[in-house]
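Below: one structure, written as structure tokens.
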Amino acid sequence: MLVFAVDYQRAIRALVADDEYDLQQYMMFANKWKIVQQLCDILKVL
């Protein structure tokens, strides 16, 4: 699921940023996306 989120990061960010859906509280900034990518890399090794 994390891999999917990283792959579709652009679409997820656009959806969350859209005022129509009122999802701004779930906005993840670059530092959080970097952590998600690092977690994917670590879990891939395991």
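Numbering-wise, the sequence shown is residues 26 to 71 according to my numbering. The beta-carbon is built from N, C-alpha and C at its ideal position, and this holds for glycine as well.
If you look at Q49, you'll find it isn't in any alpha helix (DSSP H); DSSP assigns it neither H nor E. Under the three-state reduction of DSSP, D43 is assigned to coil, being neither helix nor strand. Excluding residues up to 5 positions away in sequence, A30 lie with their Cβ nearer than 7 Å to the Cβ of I37 in the same chain. Look at L27 here: in three-state DSSP terms it is helix.
In the three-state scheme derived from DSSP, where H, G and I count as helix and E and B as strand, L71 is classed as coil.
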